[in-house]
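In my numbering, the protein residues as written are 3 to 351. For each residue, glycine too, the CB sits at the ideal point set by N, CA and C. To keep things clear, I will list the structure first and then write my remarks on it.
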């Protein structure tokens with residue numbers, strides 16, 4: 003088996019060759035065909051997330067032990083299963099749900115593995131899809147994505163799922179209520195496409211790189227703003243009817259302050275992005291404005307099934323997607339860190 007591994011935090015990935023694993027118990031072996039390259043892997047490769055105030059959350063504290071293979075958006079062909087795996091769709095392609103938990107706690111038994119207190123995420127705590135094979139802990143995490151372009155399907159397991167789950171936290175609302183998306187990277191463009199697929203009409207995007215504005219409008223955004231401009235907060239507050247919801251796919255102090263300030267009374271701010279930092283929040287104005295501040299992290303297995311159905315229906319517009327080879331993944335991560343990628347990149351194995 004060939005993989006691209008983190009061998010040293012903050013350094014380029016290195017190719018590794020090892021024996022192809024044999025699935026045990028309920029495990030399933032998948033031959034990877036495509037794997038999305040996600041911005042989260044920029045932080046994971048660096049080895050930490052910025053918590054603000056000079057504090058860092060080290061990936062080593064999250065159960066990662068080097069060397070490890072990243073890649074949490076694998077899509078490929080089912081090859082074999084362990085003795086307890088049961089009947090499997092051998093030879094068929096499947097999308098992998100990567101946000102797996104311990105499988106035994108209440109959260110996992112409720113089907114929300116992504117909230118498991120002892121996560122075993124594929125590509126984080128366990129070997130992922132930057133390889134030609136990946137082991138999936140159970141067949142329930144394999145989703146039939148028939149009819150979806152296999153170069154687009156992988157990003158549904160993260161970008162699609164994450165934005166769908168975040169958008170769902172703003173529902174119910176009127177299709178004409180304004181929702182603001184912070185960032186027009188891969189997640190931002192997917193968020194616009196997802197809201198449009200869910201029937202929403204009034205979407206605005208805040209993005210400092212104005213070259214990405216046209217892509218945001220192509221996805222369905224009606225308004226675009228530069229969050230660095232002094233008058234952007236005033237313009238957001240002046241949107242007809244006010245801003246009902248903000249999905250912050252950057253997650254920086256500046257975008258949080260702008261997003262929360264833009265909300266109308268009763269509005270909701272959902273933070274997804276992991277750029278890092280912290281914000282001061284006035285408890286008095288939070289109560290008086292009756293606003294909601296909520297975090298959202300990826301999504302559940304059932305939500306991914308719903309995303310796949312939405313994509314299969316043809317309602318979900320494809321965001322700009324390009325491909326790379328496995329040995330180019332490190333370069334793509336560098337470009338993601340620099341903010342020069344339009345849409346998403348998927349590694350072809």
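Burial state of residue i (16 or more Cβ within 10 Å)
i: residue 92; result: exposed
i: residue 325; result: exposed
i: residue 178; result: exposed
i: residue 6; result: buried
i: residue 143; result: buried
i: residue 299; result: exposed
i: residue 61; result: buried
i: residue 68; result: exposed
i: residue 214; result: buried
i: residue 231; result: exposed
i: residue 193; result: buried
i: residue 100; result: buried
i: residue 238; result: buried
i: residue 288; result: exposed
i: residue 242; result: exposed
i: residue 301; result: buried
i: residue 120; result: exposed
i: residue 94; result: exposed
i: residue 149; result: exposed
i: residue 96; result: buried
i: residue 199; result: buried
i: residue 223; result: buried
Residue closest to residue i, alpha-carbon to alpha-carbon, out of the options
i: residue 117; options: 129, 103, 172 and 196; result: 103
i: residue 187; options: 29, 350 and 40; result: 40
i: residue 81; options: 47, 212 and 24; result: 24
i: residue 14; options: 260, 3, 46 and 38; result: 46
i: residue 350; options: 272, 34, 252 and 290; result: 34
i: residue 162; options: 210, 48 and 98; result: 98
i: residue 246; options: 276, 259, 173 and 108; result: 173
i: residue 29; options: 57, 136 and 38; result: 136
i: residue 233; options: 292, 254, 221 and 264; result: 264
i: residue 73; options: 50, 43 and 95; result: 43
i: residue 307; options: 90, 318 and 159; result: 159
i: residue 272; options: 295, 330 and 257; result: 295
i: residue 244; options: 262, 51 and 89; result: 262
i: residue 254; options: 267, 248 and 276; result: 276
i: residue 236; options: 211, 221 and 266; result: 266
i: residue 343; options: 250, 211, 202 and 279; result: 211
i: residue 38; options: 340, 56, 252 and 328; result: 328
i: residue 207; options: 111, 198, 181 and 167; result: 181
i: residue 284; options: 304, 297 and 259; result: 259
Collapsed DSSP secondary structure at residue i in the structure displayed
i: residue 76; result: strand
i: residue 234; result: helix
i: residue 329; result: helix
i: residue 122; result: coil
i: residue 324; result: strand
i: residue 337; result: helix
i: residue 315; result: coil
i: residue 145; result: strand
i: residue 53; result: strand
i: residue 48; result: helix
i: residue 42; result: helix
i: residue 64; result: helix
i: residue 90; result: coil
i: residue 216; result: helix
i: residue 9; result: coil
i: residue 304; result: helix
For residue i, the residue or residues it bridges with in DSSP
i: residue 31; result: 82 and 137
i: residue 342; result: BP columns for residue 342 are empty, so no partner.
i: residue 352; result: Shown here, the chain extends from 3 to 351; a query on residue 352 therefore has no answer.
i: residue 97; result: 77 and 145
i: residue 71; result: 7
i: residue 226; result: 207
i: residue 18; result: 5
i: residue 26; result: DSSP output for residue 26 lists no bridge partner at all.
i: residue 128; result: 124
CB contact below 8 Å: residue i versus chain D
i: residue 227; result: Structure shown: chain D not included; a single protein chain is present.
Considering only residues of the stretch 149-203, which uninterrupted alpha helix (DSSP H) runs meet the minimum length of 4 residues and lie entirely inside it, listed in chain order? 161-170 and 188-199
Could you give the uninterrupted runs of the alpha helix (DSSP H) lying entirely in the stretch 241-300, keeping only those of 4 residues or more? 255-264 and 285-291
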